[in-house]
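Adding 42 to a residue's 1-based position in the sequence shown gives its number in the numbering used here. The block underneath contains the structure these notes are about, expressed in structure tokens.
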Amino acid sequence: MDKLDGVSLSALQEHLDAAESPKATKRLMVAIAYKDGVPVSTLSDRYGVPESTLYYWLDRIADKPLSEAVEDDDRPGRPSELDEREREAVFDAIADSPEAYGFDASSWTPELVRKLIEREYDVSYSLGHVRRLVRDADEKL
Numbered sequence: 043m044d045k046l047d048g049v050s051l052s053a054l055q056e057h058l059d060a061a062e063s064p065k066a067t068k069r070l071m072v073a074i075a076y077k078d079g080v081p082v083s084t085l086s087d088r089y090g091v092p093e094s095t096l097y098y099w100l101d102r103i104a105d106k107p108l109s110e111a112v113e114d115d116d117r118p119g120r121p122s123e124l125d126e127r128e129r130e131a132v133f134d135a136i137a138d139s140p141e142a143y144g145f146d147a148s149s150w151t152p153e154l155v156r157k158l159i160e161r162e163y164d165v166s167y168s169l170g171h172v173r174r175l176v177r178d179a180d181e182k183l
């Protein structure tokens, strides 16, 4: 249990009280339980997280400032093929009827949105990615 010897229980609890993301909350709860003597194998079963991941979290908490340790590092990934203006235009289109864009349908489906993006922007997305775009559009509308 010496992994977190340099981290006080009170510091973990203070950060838990101030945690803003579910991810940070879970990581801090794991660390607090670990400090209380709960074995990593039990924490793995309890939270549905592989033991190797829990050890990684605990190492980060031991080695980094708590505010950094409980959040993921930035991973920008691949740039989007649609720029922000184009994405907004797709979101605007989804707010309208597909008929306004020449489709013979009364409501948008992921397949229709994919056809719109291919036709208007010459970008080919998988249906899974189009579903994520539609979900993003729903959150913005």
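Ideal Cβ positions, reconstructed from N, Cα and C, are used throughout, including at glycine.
Report the option in Arg88, Gly90, Asp114 whose CA atom is closest to the CA atom of Trp99.
Residue numbering aside, residue 99 sits at position 57 when the sequence shown is read from its first letter. Check the Cα spacing between Trp99 and each of Arg88, Gly90, Asp114: the tightest is with Asp114.
Inter-residue Cα distance where the pair is Ile103 and Leu85
Position 61 of the sequence shown, counting from 1, holds the residue named residue 103. Position 43 of the sequence shown, counting from 1, holds the residue named residue 85. Distance between the alpha carbons of Ile103 and Leu85 is about 16 Å.
On a CA-only basis, which of Leu154, Arg127, Asp125, Glu126 is nearest Ser139? Give me that one, please.
Counted from its first residue, the sequence shown places residue 139 at position 97. It is Leu154 whose Cα lies nearest to the Cα of Ser139.
Shortest alpha-carbon distance to Ser166 belongs to which of Ser149, Pro107, Lys157?
Along the sequence shown, one-based indexing puts residue 166 at 124. Nearest Cα to Ser166 within the set Ser149, Pro107, Lys157: Lys157.
With H, G and I counted as helix, E and B as strand and the rest as coil, what does DSSP make of Arg177?
Against the sequence shown, residue 177 aligns to sequence position 135. Three-state DSSP puts Arg177 in a helix.
Could I get the ranges of all uninterrupted beta strand (DSSP E) runs contained in the stretch 44 to 122, with 3 residues as the minimum, in chain order?
None, since the stretch 44 to 122 contains no complete beta strand (DSSP E) of that length.
Would you report the Cα separation of Arg69 and Asp116, rounded to the nearest angstrom?
As a position in the sequence shown, residue 69 is number 27, starting the count at 1. As a position in the sequence shown, residue 116 is number 74, starting the count at 1. When the Cα atoms are used, Arg69 and Asp116 turn out to be separated by approximately 17 Å.
What residue range does the alpha helix (DSSP H) around Phe133 cover?
By one-based count along the sequence shown, residue 133 stands at place 91. In the DSSP assignment, Phe133 falls within the unbroken alpha helix (DSSP H) covering 126 to 137.
Please identify the residue among Asp44, Leu169, Gly170, Val49 whose C-alpha is closest to the C-alpha of Leu108.
Position 66 of the sequence shown, counted from the start, is the residue given in the question as residue 108. Of the listed residues, the one whose Cα sits closest to Leu108 is Val49.
Using only the alpha-carbon positions, how far apart do Ser148 and Ala135 sit?
As a first step, residue 148 must be located in the sequence shown, where it is residue number 106. As a first step, residue 135 must be located in the sequence shown, where it is residue number 93. Those two C-alpha atoms are separated by around 13 Å.
Contact between the stretch 69 to 84 and the stretch 44 to 60 (3+ Cβ pairs under 8 Å)
Yes, the stretch 69 to 84 is in contact with the stretch 44 to 60.
Between Glu93 and the rest of its own chain, which residues show a CB-CB distance below 7 Å, the 5 nearest in sequence each way excluded?
Here residue 93 refers to the residue found at position 51 when the sequence shown is read from its first residue. Correct list, in chain order: Val82, Ser83, Ser86.
Alpha carbons only, please: which of Leu175, Ala111, Tyr97 is nearest the one belonging to Ala66?
Stepping through the sequence shown from its first residue, residue 66 is reached at position 24. The shortest C-alpha separation from Ala66 is found at Ala111.
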